[in-house]
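Colleague: Dumping the structure here so I can ask a few things about it.
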Amino acid sequence: MESGNSHVTVSDIAEDKYGFLWLASQSGIDKFDGYTFRNFGMWGEDKSKGLQTLTALQIEASLDGQHMWVGTFSGLSRLNVDTERFEHYTLPTASPFNKQVINRIKTTHDGKLWIVSERNLYAYHEETNSIELISYLPDTTSTLTDVELIGNTLYVTSTSGLYKLDLIKQTLELVAFEGVNFTRLVAAQRSRFWLGTATHGICLFDPNAKSEPITRLCTSEVHGLSDNYVSDILLRRNGDLWVTTERGVNILTAHSPYTVLRFPISKKDSANERFSSLYQTQSGLVVVGTKDNGFAISNPELSNFYSSEVGDGRIVGSMAHYKDNKVWLTNEKGLWLYDAVDKTHQGPFTSSGAQVSDDKANDKLTSLVYDKKTETLWVSTRSGLAKFNSQTNQLDIVALQGKSGYSINIDADGDIWYGGYSDGVFVYRPSEGRVIRQWPLSLTTRILFESEESAWLSTVAGLHVANKLTGELVNVSQYTDKITDNTVITWISRSKRGGYWVGTQAAGLYFITKDGDDLSSLKVTQIKPESRLSNISIGAIVEDNEYGLWISTIEGITYLAPDLSSLSYYGAEHGAISTGYYIGSVASTDNNTILFGGSEGVTQFTPSQVTNLKWTPGVHLTNVKVVSRNNSNSTTAERRLNLGGKIALNDNDIALSIEFAATDFMNANELRYAYKLVDFESSWRITDAKTRVATYTNLNPGHYRFTLKAINKENEWSSDEAQLEVIIIPPWWDKPIWRVVIVLIILLLITSIVWFRIASLKKRSAELALKVEEKTKDLEEVVEKLTRLSTQDSLTGLKNRRYFTQRAKAEWQEFQRHGHTFSLLLLDIDYFKRINDEYGHQTGDSVLVKIAKILQSSLRESDVIARWGGEEFLILLPSLKEQEAYWVAEKLRKAVASLVIDSPPYQLNVTITCGVADIKNYDSIEACIHAVDKKLYKGKEAGRNAVVR
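Residue numbers for the sequence shown follow this note's numbering, so the first one is 13 and each next one is one higher.
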């Protein structure tokens with residue numbers, strides 16, 4: 013329900029020809045395109061628009077994916093996925109007491125559709141579009157549950173045993189296991205099949221083998237199955253068998269069919285999760301339906317990462333390799349020893365003064381290093397440097413009491429390098445029990461040894477190299493401008509290529525090389541600067557045996573191929589932690605397992621076992637709508653068009669909306685889309701997953717082609733494109749044949765009139781021509797004068813308020829339709845009333861005229877300036893944003909301020925105050941003008957001779 017599906021119970025799942033999922037539930041059926049759900053419930057007055065009853069029990073797609081067969085408590089229906097129209101079928105019955113409850117709908121490998129309804133077995137005949145009763149179970153106390161074609165034999169399961177169909181007699185004959193309640197039937201290899209039961213789990217049966225008790229053929233709770241009641245079975249293409257029960261999802265692998273693997277679907281306790289259905293999509297995704305928690309989607313091919321909590325803690329802040337496949341790690345509960353193979357742990361171990369329930373004490377552990385020479389574990393804590401006491405299984409603070417640590421390492425001499433939060437970096441010598449060196453640095457994230465006496469120190473304020481013998485501290489920013497004191501360095505490690513990998517916080521990934529110890533030869537190269545790695549925090553970097561990089565980030569895990577050009581991202585859908593990983597929390601074991609620690613536990617994986625699948629989602633149109641206008645009463649109405657490859661619109665169809673989606677159910681919200689209407693627009697429009705609709709209005713008659721494609725977060729375009737041909741049919745009078753007819757009629761009419769009037773026209777032609785010429789000339793002069801008077805200010809010669817209003821409305825329409833922006837300037841002459849009062853209105857008029865000329869000469873031809881009223885001028889600046897308009901206003905202000913107005917006998921200097929606004933910030937012209945007016949008065953109040961935006 014939280015995801016949008018109409019009911020929490022998902023009883024069955026199917027997939028249509030577009031790759032969209034269809035879910036049967038107690039509220040009908042839902043179509044899911046990866047983003048939204050479209051529900052089809054019970055019919056109303058139009059029976060073709062709904063089901064006979066609300067609860068859908070079964071759903072099965074036709075072979076071509078064009079139709080959805082739906083089974084309910086009241087019979088069988090079929091939905092066309094394009095027209096979204098239902099067709100309903102009446103099932104013939106063997107008894108008047110039979111109901112129409114559909115228990116199972118299934119297509120066998122020969123393409124035949126079978127329907128199981130209580131005790132009856134039906135088959136669908138496509139050539140006659142009819143349902144035939146094939147056979148029925150005589151036992152009135154039992155019902156049929158499933159059907160499967162094994163070879164040429166049709167087997168049928170029931171609540172009282174396993175049957176097969178006798179094609180000649182058309183009767184059901186008991187094969188085996190009389191009295192056993194079977195729930196599901198799926199074909200296996202070598203004429204065998206899997207049987208789901210209500211009491212014995214999952215059973216593998218060979219009809220050609222010697223009869224054995226069913227308990228010897230089954231995998232049940234005794235063998236690790238989550239429950240003996242099997243609700244569904246899915247045999248994947250790789251041979252793995254997925255089994256859902258009342259209490260979990262189980263996997264019986266192809267190489268070990270009697271070994272049960274439990275598969276977690278959600279964070280909800282598996283004992284409380286009741287599973288109902290399984291489905292494998294064409295792309296290999298497995299969809300799992302539940303009885304009370306909706307559905308989940310998994311990609312088994314991508315589940316290469318294993319994430320889990322350790323002990324009772326979740327926040328894995330640091331790790332260090334111990335021996336073999338074991339690592340030391342810390343979380344909020346203390347110190348743990350974790351086995352990456354058995355996935356077991358020992359602990360927690362805490363400091364001698366801390367208890368497991370003491371939250372303040374348990375957050376002290378920040379970083380680990382294991383000294384293999386002395387077999388000693390050193391720990392940096394918020395309270396100082398600690399050492400693990402293997403005798404007491406506790407941590408003892410041995411040095412740097414009260415110095416909060418963040419990173420730690422031990423050099424070849426056995427000296428401990430201790431990176432603090434704010435106290436700098438210390439070098440502690442255990443053999444002498446004293447600190448031999450300290451550097452005042454910001455929080456130090458990692459310490460990497462360059463030699464026996466020097467080390468790289470990555471900090472939140474750049475990268476440094478320190479020498480414990482000389483005390484020298486060198487800032488790398490002296491030799492490169494790519495890593496500065498403002499760069500937060502989160503990681504540095506030595507590369508197998510020769511050089512160093514450097515990770516940062518939202519500043520990218522770098523590769524550093526130098527000649528020997530000469531830092532002046534330092535070369536810094538940013539890797540994939542255009543990728544997402546440049547905008548997120550890097551936690552740790554591990555280089556595998558193939559020179560590929562595994563990078564933990566705040567978003568998940570990223571893989572950079574050895575060629576340093578191909579990136580792959582792994583998130584929660586692959587088994588990684590969705591909330592990301594911590595800085596420096598990483599370890600590698602002897603069997604090449606990599607472990608990253610984060611806020612929700614630890615993620616482990618083996619690089620050689622990680623599978624990368626080619627991203628090939630289907631891209632489809634999900635909904636096409638048209639808004640039509642009724643020319644007789646000017647009302648509008650919206651209608652939905654059938655999905656297909658072509659649509660035709662009439663001249664009264666004024667708006668077209670096309671909704672779309674890509675069938676990448678695992679990463680749907682991270683996709684972007686590009687679309688264009690060919691022959692209407694030349695460039696692609698880009699949109700995100702939240703705005704998956706293209707809208708076009710008032711298209712001219714003609715042929716267009718709408719094209720759509722998708723791009724994922726790795727900037728990889730989908731190979732599949734969705735296309736729709738759009739034909740705009742012109743009105744009848746605009747068609748070529750009618751154009752010719754109309755033109756011919758007009759020509760004929762004109763010719764007739766001319767022929768009848770030619771005599772009189774010749775007689776008066778000279779006189780009439782002269783009079784027309786005179787009148788036309790007079791009329792043109794009058795029209796020109798009237799036009800000028802109606803649109804021009806008589807004093808300044810500028811356009812008037814009326815003309816400006818017309819132009820502003822036209823620009824507003826362009827802005828609404830095409831997004832062509834513009835800005836407005838409102839100028840006012842400072843102290844103009846004082847000029848009129850002191851020098852007279854004639855001088856005031858002279859000031860207005862001369863300022864109008866200087867303003868007009870300083871603007872572009874495309875700009876519109878008008879006298880708005882009194883001493884106010886309003887200017888429209890097409891295509892200019894607010895900042896650009898501000899520059900224009902400043903130019904005008906300075907031009908006026910530098911002008912000396914000669915109005916004998918006076919010479920005046922005047923200034924102007926201006927308000928600036930961008931139309932994109934307002935919902936109307938009037939609102940924008942009101943805004944610049946307020947800004948103008950704000951400038952007046954601030955002292956005048958100013959531009960306010």
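All residues carry an ideal CB built from backbone N, CA and C; glycine is no exception.
Return the Cβ separation of residue 339 and residue 599 in integer angstroms, given the expectation that the two are a contact with Cβ distance under 8 Å.
Modeller: The Cβ separation is near 4 Å, so the contact holds.
Colleague: Exposed or buried, what is residue 112 when buried is set at 16 or more other beta-carbons lying within 10 Å of its beta-carbon?
Modeller: Its Cβ being crowded by 16 or more others within 10 Å, residue 112 is buried.
Colleague: Would you report the Cα separation of residue 790 and residue 834, rounded to the nearest angstrom?
Modeller: Taking the straight line joining both Cα atoms gives about 39 Å.
Colleague: Counting pairs of Cβ atoms below 8 Å between the region 646-661 and the region 578-593, do you hit three or more?
Modeller: Touching, no.
Colleague: So residue 809 and residue 864 are supposed to be a Cβ contact under 8 Å. How far apart are they, rounded?
Modeller: Sure, about 7 Å apart at Cβ, within 8 Å.
Colleague: Which whole-angstrom value is the C-beta distance of residue 733 and residue 719, which I expect to be below 8 Å?
Modeller: Confirmed, about 6 Å.
Colleague: Take residue 821 and list the residues in its own chain whose beta-carbon comes closer than 8 Å to its own, dropping the five residues that flank it on each side.
Modeller: So the list reads 937, once near-sequence residues are dropped.
Colleague: Roughly how many whole angstroms lie between the Cα atoms of residue 417 and residue 892?
Modeller: About 55 Å.
Colleague: If you check the beta carbons only, do residue 675 and residue 31 fall under 8 Å apart?
Modeller: In this structure, residue 31 lies closer than 8 Å to residue 675 by Cβ.
Colleague: Thinking C-alpha only, which one of 899, 511, 519 is nearest residue 958?
Modeller: Comparing Cα positions, the closest option is 899.
Colleague: In or out: residue 138 buried (at least 16 other Cβ within 10 Å) or exposed?
Modeller: Counting Cβ neighbours within 10 Å, residue 138 comes out exposed, since fewer than 16 surround it.
Colleague: If I measure Cβ to Cβ from residue 698 and keep anything under 8 Å in the same chain, skipping five residues before and after, which residues do I get?
Modeller: If we look at residue 698 and ignore the five residues flanking it on each side, its Cβ neighbours are 684, 685, 686.
Colleague: When the Cα atoms are used, what is the spatial distance from residue 429 to residue 25?
Modeller: Rounded to whole angstroms, residue 429 to residue 25 spans 58 Å at the Cα level.
Colleague: Thinking just about the alpha-carbon of each residue, which of 386, 303, 876 is nearest to the one in residue 886?
Modeller: Of the listed residues, the one whose Cα sits closest to residue 886 is 876.
Colleague: Determine, using beta-carbon pairs with one atom in the region 916-929 and one in the region 843-856, whether at least three such pairs fall under 8 Å.
Modeller: The region 916-929 vs the region 843-856: in contact.
Colleague: Among 803, 947, 95, 603, which residue has its Cα nearest to the Cα of residue 352?
Modeller: Of the candidates 803, 947, 95, 603, the one whose C-alpha sits nearest the C-alpha of residue 352 is 603.
Colleague: How is residue 134 classed by DSSP in three states: helix, strand or coil?
Modeller: Strand, per DSSP.
Colleague: Starting from the C-beta of residue 421, find all residues in its chain whose C-beta is less than 6 Å away, skip the five residues before and the five after it, and write them out in chain order.
Modeller: Counting only Cβ-Cβ distances below 6 Å, and skipping sequence neighbours, we find 381, 429, 459.
Colleague: If we ignore side chains and look at the alpha-carbon of each, how far apart do residue 199 and residue 357 end up?
Modeller: The alpha-carbon atoms of residue 199 and residue 357 are separated by roughly 41 Å.
Colleague: Helix or strand or just coil, what does DSSP make of residue 866?
Modeller: Reduced to three states, the DSSP call for residue 866 is helix.
Colleague: Going by beta carbon distance, what residues of the same chain come within less than 7 Å of residue 92, once the five residues before and after it are set aside?
Modeller: Taken in chain order, the residues that qualify are 78, 79.
Colleague: Report the residue ranges of all alpha helix (DSSP H) runs contained in full by the region 277-363; include only those spanning at least 4 residues, in chain order.
Modeller: Listed in chain order, nothing qualifies, since the region 277-363 has no complete alpha helix (DSSP H) run of 4 or more residues.
Colleague: Suppose you measure from the CA of residue 204 to the CA of residue 289; what does that come to, to the nearest Å?
Modeller: Distance between the alpha carbons of residue 204 and residue 289 is about 22 Å.
Colleague: Counting along the chain, where does the alpha helix (DSSP H) carrying residue 946 start and finish?
Modeller: Counting along the chain, the alpha helix (DSSP H) containing residue 946 begins and ends at 937-953.
Colleague: Nearest by alpha-carbon distance to residue 481: which of 493, 508, 449 is it?
Modeller: That would be 449, whose Cα lies nearest to the Cα of residue 481.
Colleague: Leaving out five residues before and five after residue 742 in sequence, what residues of the same chain have Cβ atoms less than 8 Å from its Cβ?
Modeller: Contacts found: 663, 713.
Colleague: Return the CA-CA distance between residue 400 and residue 360, expressed in angstroms with no decimal places.
Modeller: When rounded, the distance between both Cα atoms is 12 Å.
Colleague: Taking only three categories from DSSP, how would you classify residue 785?
Modeller: Correct three-state label for residue 785: helix.
Colleague: Quick check: the Cα distance between residue 333 and residue 513, rounded to an integer number of angstroms?
Modeller: Taking the straight line joining both Cα atoms gives about 20 Å.
Colleague: Using DSSP's beta-bridge definition, name the partner residues of residue 613.
Modeller: Its beta-bridge partners are 610.
Colleague: Distance check for residue 215 and residue 174, CA to CA, integer angstroms please.
Modeller: In a straight line, the C-alpha of residue 174 is about 12 Å away from that of residue 215.
Colleague: Look at the alpha carbon of residue 367 and the alpha carbon of residue 336, and state the distance between them as a whole number of angstroms.
Modeller: Here the model assigns residue 367 a pLDDT of 41, short of 50, so the residue's position is not dependable and the matter cannot be decided.
Colleague: Once DSSP output is grouped into helix, strand and coil, what is the label at residue 688?
Modeller: Strand.
Colleague: Do you know offhand how far residue 688's Cα is from residue 76's?
Modeller: Approximately 29 Å between the Cα atoms of the pair.
Colleague: Report the residue from 894, 956, 574, 217 whose alpha carbon sits nearest the alpha carbon of residue 908.
Modeller: Looking at the Cα atoms, 956 is the closest of the given residues.
Colleague: So who's on the other strand from residue 884, going by DSSP bridges?
Modeller: 840, 881.
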